[in-house]
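Trainee: Quick one: the structure is below, and I'll ask about it shortly.
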Amino acid sequence: MLLEPFSFSGLSLKNRIVRSATYEKRADEDGHVTDFLIGLYNDLARGGSGLIITGNALVHPSGRSIPRMLSIHSDIYIEGLRMLTDAVHGEGGIIAVQLVHGGRQCPLVLLGGARPLAPSEVPDTSSGITPKAMTDAEIWEVIDAFGEAAGRAQAAGFDAVELHGAHGFLISGFLSPHTNRRDDYWGGDEERRFHFVEEVSKAARKAVGKEYPVLIKMNADDLLPSGIKPEEGLRAALRLEASGIDAVEISGGMRESAVKTIRPDILKPEEEAYFRDSGRLFKGRLRIPVILTGGMRSMAVMEDALKKGEADLIGLSRPLIREPELPELMKGGKEKADCISCNGCTAFAELDHVRCTQV
Ligand SMILES: Cc1cc2nc3c(=O)[nH]c(=O)nc-3n(C[C@H](O)[C@H](O)[C@H](O)COP(=O)(O)O)c2cc1C
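At the far end of the sequence shown sits residue 596, using the numbering used here, and the numbering has no gaps.
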């Protein structure tokens with residue numbers, strides 16, 4: 238099944254492998270596309286993934302979470318982004334851009350000393366920073382920014398957008414009872430915590446029209462005692478489906494979680510596919526495609542997840558850092574990715590750009 242075509246929302250993927258969004262540290266200091274970044278996407282497109290999702294791209298300057306990330310918060314970025322999409326399309330690839338606001342997980346140094354924005358002033362135990370609770374005006378400004386960024390993505394030739402609603406960044410921060418302690422339209426109970434992502438997806442939909450695919454990556458589980466749990470995550474996904482989202486990518490964890498989003502040392506089949514229980518739960522109830530990401534390494538496990546109804550599509554990040562050509566290699570009979578999940582690629586501060594440190 239893995240290497241067979243899959244279609245949804247007007248996208249015809251040549252196989253069910255998705256390059257999950259992976260920050261590259263290859264944009265320039267202002268977030269413009271570089272030749273170096275295009276080189277990576279050429280490799281990924283030639284490598285044969287059915288759908289390629291870019292590293293997270295910044296929708297508003299107040300949400301910068303990491304240096305040299307892609308930006309899409311102004312029209313000045315469209316020309317460079319167009320070169321990126323042309324390169325991928327030239328190799329027969331399909332590409333989506335991931336849209337992000339970093340919320341409370343933005344470091345002060347990238348915000349010129351301003352406090353990061355969040356639903357509520359809940360201190361981040363991983364950084365020691367207490368974010369600023371957003372005003373109504375700030376919330377609407379960021380919602381509009383997501384909409385405008387989606388419109389730019391379409392203008393730049395991306396085949397789809399993915400909203401980054403996972404990992405404790407702003408959208409995830411509003412969904413999570415751990416970080417959203419408001420008592421107003423934006424929080425107070427599950428329904429009100431959903432309003433921010435609902436308005437963001439409406440703004441994106443309004444900008445791109447009815448037919449254009451809008452995906453979301455979200456936490457099935459924040460992996461925190463006071464965080465979102467799979468049943469609540471599923472109810473949010475069902476609401477998003479009803480409001481016209483085209484596909485859901487499942488992930489989990491935020492920076493404060495002890496069990497991580499990017500788990501190390503996945504060496505045995507039973508350690509792979511570490512969000513598969515959530516995949517089963519979500520896929521059992523949703524009609525839109527479910528992308529399952531997290532720890533998939535061997536073709537047998539990927540096939541098993543597809544056959545057991547835990548996913549429609551398989552998201553890969555670290556394996557494609559090491560082997561961008563992995564889908565083509567699997568076509569030729571390769572059974573397992575070379576990635577050993579050492580997480581050397583996540584040493585963002587030390588690395589000049591994101592790369593596999595084993596080769
Ligand atoms: C270097 C690196 C950068 C990442 N950047 C992003 C990102 O920009 N957006 C995102 O949603 N997830 C990001 N992730 C998380 C991955 O998309 C994925 O959810 C996680 O690594 C688990 O999948 P894997 O086991 O296939 O690596 C990143 C992961 C790595 C290793």
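In this text, a Cβ means the ideal position worked out from N, Cα and C, and glycines have one as well.
With DSSP collapsed to three states, give me the class of I551.
Mentor: It is a strand residue.
Trainee: Would you say R559 touches ligand 1, meaning its beta carbon is less than 7 Å from a heavy atom?
Mentor: No, Cβ of R559 sits at least 7 Å from all heavy atoms of ligand 1.
Trainee: Cβ of I499 within 7 Å of any heavy atom in ligand 1?
Mentor: Result yes, Cβ under 7 Å from ligand 1.
Trainee: Please determine if the region 285–305 and the region 392–411 are in contact, where contact requires at least 3 C-beta pairs separated by less than 8 Å.
Mentor: Flag = yes, the region 285–305 and the region 392–411 touch.
Trainee: G388 by DSSP, collapsed to three states: which one?
Mentor: Three-state DSSP puts G388 in a helix.
Trainee: G276 to P353, Cα distance in whole Å?
Mentor: Distance between the alpha carbons of G276 and P353 is about 33 Å.
Trainee: Around the C-beta of K454, are 16 or more other C-beta atoms found within 10 angstroms, so that it is buried, or is it exposed?
Mentor: Buried: at least 16 other Cβ atoms inside 10 Å.
Trainee: From F585, E436, A457, A264, pick the residue whose C-alpha is nearest to that of I528; which is it?
Mentor: Looking at the Cα atoms, A457 is the closest of the given residues.
Trainee: Just tell me which of E316, K571, I482, E261 has its CA closest to the CA of R524.
Mentor: Closest by alpha carbon: I482.
Trainee: Please report the distance separating the alpha-carbon of E468 from that of T362.
Mentor: Cα to Cα, E468 sits roughly 25 Å from T362.
Trainee: Can you tell me the Cα-Cα spacing of F585 and Q342, whole angstroms?
Mentor: The straight-line gap from Cα to Cα measures roughly 15 Å.
Trainee: Mapping DSSP to helix, strand and coil, what is M371?
Mentor: Of the three classes helix, strand and coil, the one that applies to M371 here is coil, per DSSP.
Trainee: Give me the Cα-Cα distance between G464 and G292, rounded to the nearest whole angstrom.
Mentor: About 25 Å.
Trainee: Under the DSSP definition of a beta bridge, which residues are partnered with S244?
Mentor: Bridge partners of S244: S249.
Trainee: Determine contact between the region 420–431 and the region 311–322, defined as no fewer than three beta-carbon pairs at a distance below 8 Å.
Mentor: Touching, no.
Trainee: Rank P564, I376, L557, H415 by C-alpha distance to the C-alpha of S578 and give the top, closest one.
Mentor: Checked all of P564, I376, L557, H415; the closest Cα to S578 is L557.
Trainee: Looking at S554 and ligand 1, is the gap between the Cβ and the nearest heavy atom below 7 Å?
Mentor: For ligand 1, at least one heavy atom lies less than 7 Å from the Cβ of S554.
Trainee: Can you find a C-beta in chain B that's less than 8 Å from the C-beta of A403?
Mentor: Among the protein chains of the structure shown there is no chain B, as only one such chain exists.
Trainee: Can G388 and V445 be called in contact, C-beta distance under 8 Å?
Mentor: Cβ atoms of G388 and V445: closer than 8 Å.
Trainee: Quick check: what's the CA-CA separation for N417 versus D459?
Mentor: Answer to the nearest angstrom: the Cα atoms are 13 Å apart.
Trainee: Cβ-heavy atom distance between K369 and ligand 1 below 7 Å?
Mentor: No, since every heavy atom of ligand 1 falls outside the 7 Å radius drawn around the Cβ of K369.
Trainee: Measure the C-alpha to C-alpha separation of E436 and K571 and round it to an integer number of angstroms.
Mentor: Cα-Cα distance, rounded: 43 Å.
Trainee: Would you list the residues sitting across from A294 in a DSSP beta bridge?
Mentor: Paired residues: L307, L336.
Trainee: Applying the 10 Å Cβ sphere with the 16-neighbour rule, what's the burial state of K447?
Mentor: K447 is exposed by the Cβ-count criterion.
Trainee: Within the present structure, is the beta-carbon of N293 separated from the nearest heavy atom of ligand 1 by less than 7 Å?
Mentor: Yes, ligand 1 has a heavy atom inside 7 Å of this Cβ.
Trainee: Can you tell me the Cβ-Cβ gap for G532 and V255, rounded? I've got them flagged as a contact below 8 Å.
Mentor: Incorrect: roughly 14 Å between the Cβ atoms, too far for contact.
Trainee: Would you kindly work out how many angstroms separate the C-alpha atoms of L336 and K568, rounded to a whole number?
Mentor: Taking the straight line from one Cα to the other gives about 31 Å.
Trainee: Closer than 7 Å: is that where the CB of H297 sits relative to any heavy atom of ligand 1?
Mentor: Answer for H297: no, Cβ out of range of ligand 1.
Trainee: Check whether the region 264–271 and the region 505–522 touch, using three or more Cβ-Cβ pairs below 8 Å as the test.
Mentor: Touching, no.
Trainee: Out of curiosity, what's the CA-to-CA distance linking D514 and G546?
Mentor: Rounded to whole angstroms, D514 to G546 spans 10 Å at the Cα level.
Trainee: What is the DSSP secondary structure of D323, reduced to helix, strand or coil?
Mentor: Helix.
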